[in-house]
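J.: Residue numbers (the working numbering): 18 to 448. For reference, the structure I am asking about is given below.
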Amino acid sequence: AGVPFYSISGSDFVEMFVGVGASRVRDLFEQGKSHAPCIIFIDEIDAVGRHRGAGLGGGHDEREQTLNQLLVEMDGFESNDGVILVAATNRPDVLDPALLRPGRFDRTIVVDAPDVRGREGILRVHTRKIPLAGDVRLDVIAKGTPGMAGADLANLVNEAAVLAARRNKTLVDMSDFEDAKDKVMLGVERRSLVLTEDERTLTAYHEAGHAIVAIKIPGSDPVHKVTIVPRGRALGLTASLPEVDRHNYSKDWLIGSLAMFFGGRVAEELVFGADKITTGAGNDIERATGLARRMVTQFGMSELIGPLAVGDKEQEIFLGREFAQRREISERTAQMVDDEVKRLIDEAYARAGIILSENRELLDRIAQALLDRETIDREDLDRLAKNLPLPPRSLPPAAPSAAPAGTAAKPGTAPSRAPILGAPPAEPAGA
Numbered sequence: 018a019g020v021p022f023y024s025i026s027g028s029d030f031v032e033m034f035v036g037v038g039a040s041r042v043r044d045l046f047e048q049g050k051s052h053a054p055c056i057i058f059i060d061e062i063d064a065v066g067r068h069r070g071a072g073l074g075g076g077h078d079e080r081e082q083t084l085n086q087l088l089v090e091m092d093g094f095e096s097n098d099g100v101i102l103v104a105a106t107n108r109p110d111v112l113d114p115a116l117l118r119p120g121r122f123d124r125t126i127v128v129d130a131p132d133v134r135g136r137e138g139i140l141r142v143h144t145r146k147i148p149l150a151g152d153v154r155l156d157v158i159a160k161g162t163p164g165m166a167g168a169d170l171a172n173l174v175n176e177a178a179v180l181a182a183r184r185n186k187t188l189v190d191m192s193d194f195e196d197a198k199d200k201v202m203l204g205v206e207r208r209s210l211v212l213t214e215d216e217r218t219l220t221a222y223h224e225a226g227h228a229i230v231a232i233k234i235p236g237s238d239p240v241h242k243v244t245i246v247p248r249g250r251a252l253g254l255t256a257s258l259p260e261v262d263r264h265n266y267s268k269d270w271l272i273g274s275l276a277m278f279f280g281g282r283v284a285e286e287l288v289f290g291a292d293k294i295t296t297g298a299g300n301d302i303e304r305a306t307g308l309a310r311r312m313v314t315q316f317g318m319s320e321l322i323g324p325l326a327v328g329d330k331e332q333e334i335f336l337g338r339e340f341a342q343r344r345e346i347s348e349r350t351a352q353m354v355d356d357e358v359k360r361l362i363d364e365a366y367a368r369a370g371i372i373l374s375e376n377r378e379l380l381d382r383i384a385q386a387l388l389d390r391e392t393i394d395r396e397d398l399d400r401l402a403k404n405l406p407l408p409p410r411s412l413p414p415a416a417p418s419a420a421p422a423g424t425a426a427k428p429g430t431a432p433s434r435a436p437i438l439g440a441p442p443a444e445p446a447g448a
């Protein structure tokens, strides 16, 4: 813009001495007025601009004094012509309403995650200085990275370049990008984690159960990869990727997701018996319960409850929320909500059981393929579903050094399903 630019963080206004924050606001605007026209940028404004009267600091704490001075400078009696004020925050829901009134921050610009065209453009920017092989298709990579932000894509490109360098390549090819995408999305492989043969077998059937339920439910996201190589905290992963960016989720899709969550637990019970089930489905059960409760209380997808928002979203009082909590639903309604959540969970569990019972041979084939190859992709799953033999394995690229073996498995660690990358995002407050 060719004008002076002043940048400051919201936390810079907060000090141990009373009155320093308001004084810094006055000094900032005085500098801006003396060098007008100019732009003032306040980053993380929620540090100073949260709801007044929240928390335990009283009605006249230092932060409120600073916010009051900021409001006066923005829209007081003194003129601030030529000073453009811009602010950024990740928590617009906790800002004081006075900040968003006309004459202050009255224009809100939402910077959301890029769509497929935006991701392709970001990839082109970050790959300008990287030698790419002829098989690299940035449009394919963009379609396979839904939900990624610009920083995630920059990290993906950097990881692909590092992998190519470790493999003594002069060009970065598509396989490097695929491996880098798995590393960024699914976590780093932990091949040093030693598993017993029983643990590997159970993990293989657990992940095979997830994969079969995902394959057999119409309209579900295609399975991208199934692996029993430990990644992150999980002993195995089943990752599904949507073919297009999804912004709305139908009831059928959500019910199918519930069944997919229980595919691993049902497979354990079907193969090893009800007494041999493990803690591997703990995360699956937690996520399924949370999704079922949101379907009933927020999305209006229960015929018994109807299109009714039941209860408030969980609110943190120290994030600018109400201190006093009141119960807005009756005991009878709360019991109905619990009954509906239980019904959705039971139906999803039964549906997963029917699917796996009808495809027991396929369950054994996928589990055996995982034990033999450790990782299978979408094409391998299609061949197994058609009872076709898998192609010979290609030798993996040589790593620079092997990780030390002999690391014992962490007690209590169990297989867990990878996030369904197209699933509805969790509420900010953890609902």
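Beta carbons: idealized from backbone N, C-alpha and C, even for Gly.
For residue 369, name the three-state secondary structure that DSSP assigns.
T.: In this structure, residue 369 counts as helix in the three-state DSSP scheme.
J.: Below 8 Å, how does it come out for the region 175-183 and the region 205-216: are there three or more Cβ pairs, yes or no?
T.: The region 175-183, when compared against the region 205-216, does not touch it at the 8 Å Cβ threshold.
J.: Starting from residue 102, trace the beta strand (DSSP E) both ways and give me its first and last residue.
T.: Taken as a continuous stretch (DSSP letters only), the beta strand (DSSP E) holding residue 102 covers 100-104.
J.: Per DSSP, what kind of secondary structure is residue 26 in: helix, strand or coil?
T.: DSSP places residue 26 in strand when its eight states are reduced to three.
J.: Where does residue 206 fall in DSSP's three states?
T.: Residue 206 falls in the strand class under three-state DSSP.
J.: Who are the Cβ neighbours of residue 52 in its own chain at under 7 Å, not counting the five residues just before and after it?
T.: Only 21 meet the Cβ criterion.
J.: Can you give me the C-alpha to C-alpha distance between residue 209 and residue 38, rounded to a whole angstrom?
T.: Residue 209 and residue 38: Cα-Cα distance of roughly 51 Å.
J.: In or out: residue 376 buried (at least 16 other Cβ within 10 Å) or exposed?
T.: Its Cβ being crowded by 16 or more others within 10 Å, residue 376 is buried.
J.: What residue ranges within the region 117-155 form continuous alpha helix (DSSP H) runs of no fewer than 4 residues, ordered along the chain?
T.: The qualifying runs are 133-143.
J.: The beta strand (DSSP E) that contains residue 223, what's its start and end?
T.: Element bounds for residue 223: not the beta strand (DSSP E) but the alpha helix (DSSP H), 214-233.
J.: Spatial neighbours of residue 15 within its chain, please: C-beta separation below 8 Å, excluding the five flanking residues on both sides.
T.: Lying before the first or after the last residue shown, residue 15 is absent from the chain, which here runs from 18 to 448.
J.: So for residue 291, helix, strand or coil by DSSP?
T.: Residue state, collapsed to three classes: helix.
J.: Quick check: the Cα distance between residue 355 and residue 297, rounded to an integer number of angstroms?
T.: Computed Cα separation, rounded: 24 Å.
J.: With three or more C-beta pairs closer than 8 Å as the rule, is the region 229-238 touching the region 287-302?
T.: Short answer: they don't touch.
J.: Within 10 Å of its beta-carbon, does residue 198 have 16 or more other beta-carbons around it, so buried, or fewer, so exposed?
T.: Answer is buried; the Cβ neighbour count reaches 16.
J.: Let me check one thing: in DSSP terms, what residues is residue 112 bridge-paired to?
T.: According to DSSP, residue 112 bridges with 67.
J.: If you count every other CB in all the chains shown that lies within 10 Å of the CB of residue 367, and 16 or more means buried, which is it?
T.: Classification of residue 367: exposed, given that the 10 Å Cβ count is below 16.
J.: Leaving aside the five residues before and after residue 270 along the sequence, list all residues of the same chain whose C-beta is less than 8 Å from its C-beta, in chain order.
T.: So the list reads 236 and 237, once near-sequence residues are dropped.
J.: Measuring alpha carbon to alpha carbon, tell me which residue in 282, 101 and 160 is nearest residue 293.
T.: The option with the nearest alpha carbon to residue 293 is 282.
J.: For the alpha helix (DSSP H) holding residue 51, just list the boundary residues, first then last.
T.: Residues 37-51.
J.: I'd like the ranges of any alpha helix (DSSP H) spanning at least 4 consecutive residues and lying wholly in the region 369-401.
T.: Those alpha helix (DSSP H) runs which fall completely within the region 369-401 and span 4+ residues are 377-390.
J.: Within 8 Å, do at least three Cβ pairs link the region 247-263 to the region 396-403?
T.: Touching, no.
J.: With DSSP as the reference, label residue 255 as helix, strand or coil.
T.: Three-state result, residue 255: strand.
J.: Just to confirm the assignment, what range does the beta strand (DSSP E) spanning residue 242 have?
T.: Residue 242 -> beta strand (DSSP E) spans 240-244.
J.: Going by beta-carbon coordinates alone, are residue 353 and residue 322 separated by less than 8 Å?
T.: Taking 8 Å as the Cβ cut-off, residue 353 and residue 322 qualify as a contacting pair.
J.: Grab me the residues of residue 24's own chain with a C-beta within less than 6 Å of its C-beta, minus the 5 sequence neighbours each way, in chain order.
T.: 58, listed in sequence order.
J.: What separation, rounded to the nearest whole angstrom, lies between the Cα atoms of residue 28 and residue 62?
T.: C-alpha separation (whole angstroms): 8 Å.
J.: What does the alpha-carbon distance come out to for the pair residue 328 and residue 306?
T.: Spanning the two alpha carbons is a distance of roughly 17 Å.
J.: Whose C-alpha, out of 157, 253 and 159, is nearest the C-alpha of residue 204?
T.: Residue 204 has its Cα closest to that of 253, out of 157, 253 and 159.
J.: Is the beta carbon of residue 384 closer than 8 Å to that of residue 159?
T.: Cβ distance not < 8 Å, so residue 159 and residue 384 don't count as in contact.
J.: Name the residue from 100, 260 and 389 whose alpha carbon lies nearest to the alpha carbon of residue 54.
T.: Nearest option by C-alpha distance: 100.
J.: Tell me, to the nearest whole angstrom, how far the beta carbon of residue 88 is from that of residue 121; I am working on the premise that it is less than 8 Å.
T.: Yes, residue 88 and residue 121 are in contact; Cβ-Cβ is about 7 Å, under 8 Å.
J.: Is it true that the CB of residue 113 sits closer than 8 Å to the CB of residue 43?
T.: Cβ atoms of residue 43 and residue 113: not closer than 8 Å.
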